[in-house]
Amino acid sequence: MLLRSPRLSAVPGLAHGFSTRLGGASTGPYATWHMGVSVSGPEPDGPAADAAVLANRRRFARALGAAPDALIMVDQVHGARVVRAEDAAGAQADGLVASAPGPVVGVRTADCAPILVAARDAAGRATAVAALHAGWRGACSGIVKAGVEALAAAGHDPARMVAAVGPTIGLGAFEVGDEVVDAAAEALGEAPLTVVNARGRRHLDLVDLVVRLLVQAGLPRDAIDTVGGCTLDNAAMFFSYRRDGAKSGRQVSGITLLEAAR
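Taking our numbering, the leading residue of the sequence shown gets 39, the next gets one more, and so forth.
So, in structure tokens, the structure goes:
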């Protein structure tokens, strides 16, 4: 089962999707559409685990109308580095950009915020795409700005970009320490959206943080979708590392440029 953004879906020249845990081949605590941190991981090593992860990745790519092996990902490190799709092999980064049809640039999440961005030309057609992985560390380190700047450096105007934030740990579930709130305030230059629970602990709205950072990077607010869904609260639909720990699977969010109509 894939979730999609209405705003991205309205942009000609691209395909995208946010996976759930439903519809794949993995078993046990990773059932069913687990994309893996790497082939064989975090599942136990073995040919069955390898085959399931690869089958799930290929199913995702095909669902976007791409070649089965088109999904490209990197070793995510909760930082602010963005690389081109052609430079992804072996890279440690938290963002990928592509400016030609073919590759599906994707990020894995299990509570962090997946962000898909499309740059558009004057006619509104997609000309480049980006996938960003934004936990609170990455968001506060600058991954959102870095992703937008990577597209802007290639000549794409942020004012013409469209973005969507996928399923993420929700405000009611994301209890954090003061250091996280302070880091978010520093990144924003203003107070982040938080609430206080009955035990006096603060919760951070990660989606709101990411949206505000996208706006600060130059995107119009009305060009940003939030797909919704709390990964921690909805165990039937989503994997969650905070809920399930080391045995949590991973969702994938991906985006690709399509060949221009002839």
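Ideal Cβ positions, reconstructed from N, Cα and C, are used throughout, including at glycine.
query, result
"Compute the Euclidean distance between the alpha carbons of Ala105 and Phe98, then round it to the nearest angstrom.", "10 angstroms"
"Would DSSP call Pro205 helix, strand or coil?", "coil"
"Quick check: the stretch 201-215 against the stretch 137-157, are there 3 or more CB pairs under 8 angstroms?", "yes"
"If you drop the 5 nearest sequence neighbours on each side, which residues of the same chain put their C-beta closer than 8 angstroms to that of Arg96?", "Pro106, Asp107, Leu109"
"In terms of DSSP beta bridges, what is Pro152 paired with?", "His171"
"Tell me the residue span of the beta strand (DSSP E) that contains Leu242.", "240-242"
"Any contact of the stretch 265-279 with the stretch 122-129, i.e. 3+ C-beta pairs under 8 angstroms?", "no"
"State the Cα-Cα distance for the pair Ser47 and Val182, rounded to the nearest angstrom.", "21 angstroms"
"Ala222 by DSSP, collapsed to three states: which one?", "helix"
"What does DSSP give as the partner residue(s) for Ile293 in the beta ladder?", "His54, Val143"
"Quick one: what does DSSP say Val112 is sitting in, helix, strand or coil?", "coil"
"Using the C-alpha atoms, what's the distance from Gly173 back to Gly79?", "Its pLDDT being 46, under 50, Gly79 is placed unreliably in this model, and the coordinates cannot settle the point."
"With 8 angstroms as the threshold, decide whether the Cβ of Arg96 is near any Cβ in chain B.", "The chain inventory of the structure shown lacks chain B, comprising one protein chain alone."
"In the DSSP assignment, what residue or residues form a beta bridge with Val182?", "Val182 is not bridged to any residue."
"Express the C-alpha separation of Leu296 and Val49 in angstroms, rounding to a whole number.", "11 angstroms"
"Mind checking Gln289: buried by the 16 CB within 10 Å criterion, or exposed?", "buried"
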